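No gaps in the numbering here: position 52 of the sequence shown is 456 in our numbering, and each next residue is one more.
Beneath this line is the structure, given in structure tokens, with notes to follow.
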Amino acid sequence: MIPEKKSQHPRSPWTLKDALASLLVKALSLAIRLSGKGSATSLPGKLALRWHPPLLNALGKKLPAIRVMLTGTNGKTTTATFLRDIFEANHNACLLNEKGANLVYGITTSLAQAVGWSGAYHAQVAVLETDEATVGKVAPAVMPSDLVVMNLFRDQLDRYGELSTTAAFIEEGIPFTTGTLFLNADDPMLVGMGRNAEKQGLGVFYFGLNVSHDVGEETPTGLAKTVPHPQEVANCPECGQAVLYRSRSFAHLGDWFCEGCGLKRPDLDASIMPLQVEADGWHLRLDHHVLGQGIILKSPLLGLYNAYNVLAGASVAGHYHTPVTAIQTALDTHHAMFGRAEKRVIEGKSVQIMLIKNPAGASEVIKTVCDDKKAHVLIALNDSYADGEDVSWIWDADFEQLLATHPNAERYTVSGKRAYDLANRLQHATLDTTWHPQVEPSLEEAVHLALAGVNEGETLYILPTYTALLQLESLRTI
Ligand SMILES: [Zn+2]
Numbered sequence: 405m406i407p408e409k410k411s412q413h414p415r416s417p418w419t420l421k422d423a424l425a426s427l428l429v430k431a432l433s434l435a436i437r438l439s440g441k442g443s444a445t446s447l448p449g450k451l452a453l454r455w456h457p458p459l460l461n462a463l464g465k466k467l468p469a470i471r472v473m474l475t476g477t478n479g480k481t482t483t484a485t486f487l488r489d490i491f492e493a494n495h496n497a498c499l500l501n502e503k504g505a506n507l508v509y510g511i512t513t514s515l516a517q518a519v520g521w522s523g524a525y526h527a528q529v530a531v532l533e534t535d536e537a538t539v540g541k542v543a544p545a546v547m548p549s550d551l552v553v554m555n556l557f558r559d560q561l562d563r564y565g566e567l568s569t570t571a572a573f574i575e576e577g578i579p580f581t582t583g584t585l586f587l588n589a590d591d592p593m594l595v596g597m598g599r600n601a602e603k604q605g606l607g608v609f610y611f612g613l614n615v616s617h618d619v620g621e622e623t624p625t626g627l628a629k630t631v632p633h634p635q636e637v638a639n640c641p642e643c644g645q646a647v648l649y650r651s652r653s654f655a656h657l658g659d660w661f662c663e664g665c666g667l668k669r670p671d672l673d674a675s676i677m678p679l680q681v682e683a684d685g686w687h688l689r690l691d692h693h694v695l696g697q698g699i700i701l702k703s704p705l706l707g708l709y710n711a712y713n714v715l716a717g718a719s720v721a722g723h724y725h726t727p728v729t730a731i732q733t734a735l736d737t738h739h740a741m742f743g744r745a746e747k748r749v750i751e752g753k754s755v756q757i758m759l760i761k762n763p764a765g766a767s768e769v770i771k772t773v774c775d776d777k778k779a780h781v782l783i784a785l786n787d788s789y790a791d792g793e794d795v796s797w798i799w800d801a802d803f804e805q806l807l808a809t810h811p812n813a814e815r816y817t818v819s820g821k822r823a824y825d826l827a828n829r830l831q832h833a834t835l836d837t838t839w840h841p842q843v844e845p846s847l848e849e850a851v852h853l854a855l856a857g858v859n860e861g862e863t864l865y866i867l868p869t870y871t872a873l874l875q876l877e878s879l880r881t882i
């Protein structure tokens with residue numbers, strides 16, 4: 405069991421109006437679900453807050469002592485789900501906000517759905533996946549015991565502006581964090597955040613990957629002097645100079661150091677070293693300052709981005725003395741989140757779906773596709789608000805690598821509202837003006853078209869942006 409941690413959370417009264425507003429959320433959620441007109445993850449909370457603005461505050465104050473808020477550009481849903489699974493494998497009931505409901509209204513909806521009439525939660529732990537720009541809005545209500553920041557990538561620039569703005573949104577939540585700040589030490593910008601937090605007296609727990617191989621160009625001194633690709637900014641948080649790397653996992657993440665001022669990646673409280681992929685999964689060596697050294701985990705989730713997700717989850721769980729067996733059980737039973745790496749069979753053909761939403765994440769997904777020599781690829785690009793209206797990020801994703809390993813145009817289908825932009829992008833990656841993928845803006849048609857070319861023993865990889873992913877979900881019966 406989780407040891408009791410002294411809560412610094414002030415007790416506050418639970419009023420009749422709080423209870424009624426929560427009941428309203430439950431009733432609206434049920435009505436929306438019964439009407440079949442949506443998943444009710446956000447609207448009930450929005451309406452309830454309009455009627456009773458202090459609701460989120462009241463719900464937050466009643467949460468259990470362990471309240472983990474989790475944010476960052478990539479991996480938060482996978483990590484939040486994984487962390488929930490670890491706590492539950494250790495028999496700690498865990499409250500997790502619903503998939504994708506990571507803004508103020510969504511979090512309010514999730515909490516109100518879970519709270520009892522008297523203001524008590526059944527859960528012993530709450531894990532709240534929180535959008536980066538929302539951390540500062542929700543943290544004062546929730547007062548997280550722990551704040552986990554996965555990474556900061558350039559993502560949906562039109563919505564959030566520069567990375568430093570995103571970092572500032574997250575930093576607004578730090579003064580309301582009562583316990584520990586968990587940071588990815590491989591991301592220099594987050595280390596800057598950690599240094600500020602330490603000055604405020606907050607405990608900081610650093611996690612990072614130890615990759616044994618250097619990636620990228622070698623300097624005469626044998627160090628990986630890399631220019632991260634896609635073009636990610638990685639400047640020293642102390643002096644602003646571009647950092648160099650001893651080793652790099654992907655994009656701007658790695659064992660970095662600064663030649664300007666001597667700052668380097670901090671000592672790690674927890675690390676993972678990726679080992680071999682075996683029949684029982686990917687072997688990862690976990691070193692954790694509470695759990696111990698040289699722990700071998702077996703993960704069904706491949707890709708270094710997933711190693712970070714496993715590490716972040718294990719970091720928090722281990723901090724609360726959750727045994728390694730619970731972490732392994734969670735890995736064993738972990739069902740890949742829909743769209744994060746879901747395998748299924750459509751029309752008798754093998755399909756794997758992997759969400760793409762920004763250059764770094766897409767480049768990692770592309771690496772996975774490149775490993776399958778018989779891959780067929782369907783990419784669906786939409787430009788709705790939830791996708792990011794600015795699709796110029798596709799020019800920073802590493803489609804060159806994909807086309808280099810899989811040059812055959814017959815294996816490509818592009819779809820979505822911006823299918824033609826995507827076709828243009830892929831053609832540029834080939835440097836061949838006669839190269840044309842199949843273009844079918846209708847996603848449903850595109851799926852049929854792409855599957856028609858897939859033979860037995862081959863897999864179709866579908867790489868959708870967010871709203872295309874939701875469309876795929878509605879096509880589940882095809
Ligand atoms: Zn420096």
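Ideal placement from N, C-alpha and C gives every residue a C-beta, glycine not left out.
This structure is a prediction, so every number in the text was calculated from the model and none was measured.
Per DSSP, cross-strand counterpart(s) of residue i
i, result
"residue 639", "646"
"residue 532", "473"
"residue 558", "Note: residue 558 sits in no beta bridge, so no partner."
"residue 580", "Bridge partners of residue 580: none, in fact."
"residue 550", "472, 584"
"residue 690", "676, 699"
"residue 817", "782, 842"
"residue 659", "651"
"residue 613", "676"
"residue 867", "783"
"residue 607", "584"
Any C-beta of chain C under 9 Å from that of residue i
i, result
"residue 675", "Among the protein chains of the structure shown there is no chain C, as only one such chain exists."
Whole-angstrom C-beta distance between residue j and residue i, which should lie under 8 Å
i, j, result
"residue 538", "residue 507", "5 Å"
"residue 445", "residue 504", "6 Å"
"residue 726", "residue 491", "7 Å"
"residue 552", "residue 728", "No, residue 552 and residue 728 are not in contact; Cβ-Cβ is about 19 Å, not under 8 Å."
"residue 455", "residue 428", "7 Å"
"residue 483", "residue 722", "Going by Cβ atoms, the distance from residue 483 to residue 722 rounds to 14 Å, so no, they are not a contact pair."
"residue 536", "residue 476", "7 Å"
"residue 787", "residue 781", "That pair is no contact at about 20 Å."
"residue 756", "residue 871", "Not quite, the Cβ-Cβ distance comes to about 19 Å (not below 8 Å), so this is no contact."
"residue 532", "residue 447", "The Cβ separation is near 19 Å, so there is no contact."
"residue 875", "residue 853", "In fact, because the Cβ distance is near 15 Å, the residues do not count as touching under 8 Å."
Alpha carbon of residue i to alpha carbon of residue j, nearest angstrom
i, j, result
"residue 607", "residue 582", "9 Å"
"residue 823", "residue 434", "37 Å"
"residue 588", "residue 461", "29 Å"
"residue 618", "residue 654", "Unreliable positioning characterises residue 618 in this predicted model, as indicated by a pLDDT of 44, which lies under 50. The coordinate reading is nonetheless provided below. Residue 618 and residue 654: Cα-Cα distance of roughly 11 Å."
"residue 488", "residue 499", "8 Å"
"residue 776", "residue 596", "38 Å"
"residue 601", "residue 571", "13 Å"
"residue 468", "residue 680", "39 Å"
"residue 534", "residue 558", "17 Å"
"residue 813", "residue 830", "10 Å"
"residue 692", "residue 730", "15 Å"
"residue 860", "residue 778", "10 Å"
"residue 452", "residue 689", "46 Å"
"residue 580", "residue 614", "31 Å"
"residue 754", "residue 577", "43 Å"
"residue 638", "residue 545", "32 Å"
"residue 628", "residue 519", "Note that residue 628 scores 49 on pLDDT, short of 50, meaning its location in the model is unreliable; the coordinates nonetheless yield the value given after this. The alpha-carbon atoms of residue 628 and residue 519 are separated by roughly 51 Å."
"residue 509", "residue 835", "46 Å"
"residue 817", "residue 807", "13 Å"
"residue 844", "residue 820", "8 Å"
CA nearest to the CA of residue i, picked from the options
i, options, result
"residue 724", "821, 790, 695", "695"
"residue 612", "550, 642, 594, 571", "594"
"residue 790", "873, 867, 701, 767", "873"
"residue 868", "856, 664, 851, 859", "851"
"residue 363", "526, 597, 463, 469", "The question about residue 363 has no answer here: the residues shown for the chain are numbered 405 through 882."
"residue 709", "436, 478, 424", "478"
"residue 841", "863, 810, 766", "810"
"residue 758", "573, 733, 707, 787", "707"
"residue 656", "848, 767, 529", "767"
"residue 664", "859, 684, 646", "646"
"residue 803", "773, 778, 535", "773"
"residue 449", "437, 432, 438", "432"
"residue 525", "831, 496, 555, 730", "496"
"residue 748", "513, 566, 855, 598", "855"
"residue 422", "441, 437, 521, 502", "521"
"residue 736", "751, 714, 750, 752", "714"
"residue 765", "732, 556, 494", "556"
"residue 675", "598, 818, 701, 457", "701"
Heavy atom of ligand 3 within 8 Å of residue i beta-carbon
i, result
"residue 712", "You won't find ligand 3 in this model; what it holds is ligand 1."
Original post:
If you measure from each residue's Cβ to the nearest non-hydrogen atom of ligand 1, which ones come out under 6 Å, in chain order?
Top reply: 640, 642, 643, 645, 662, 664, 665, 667
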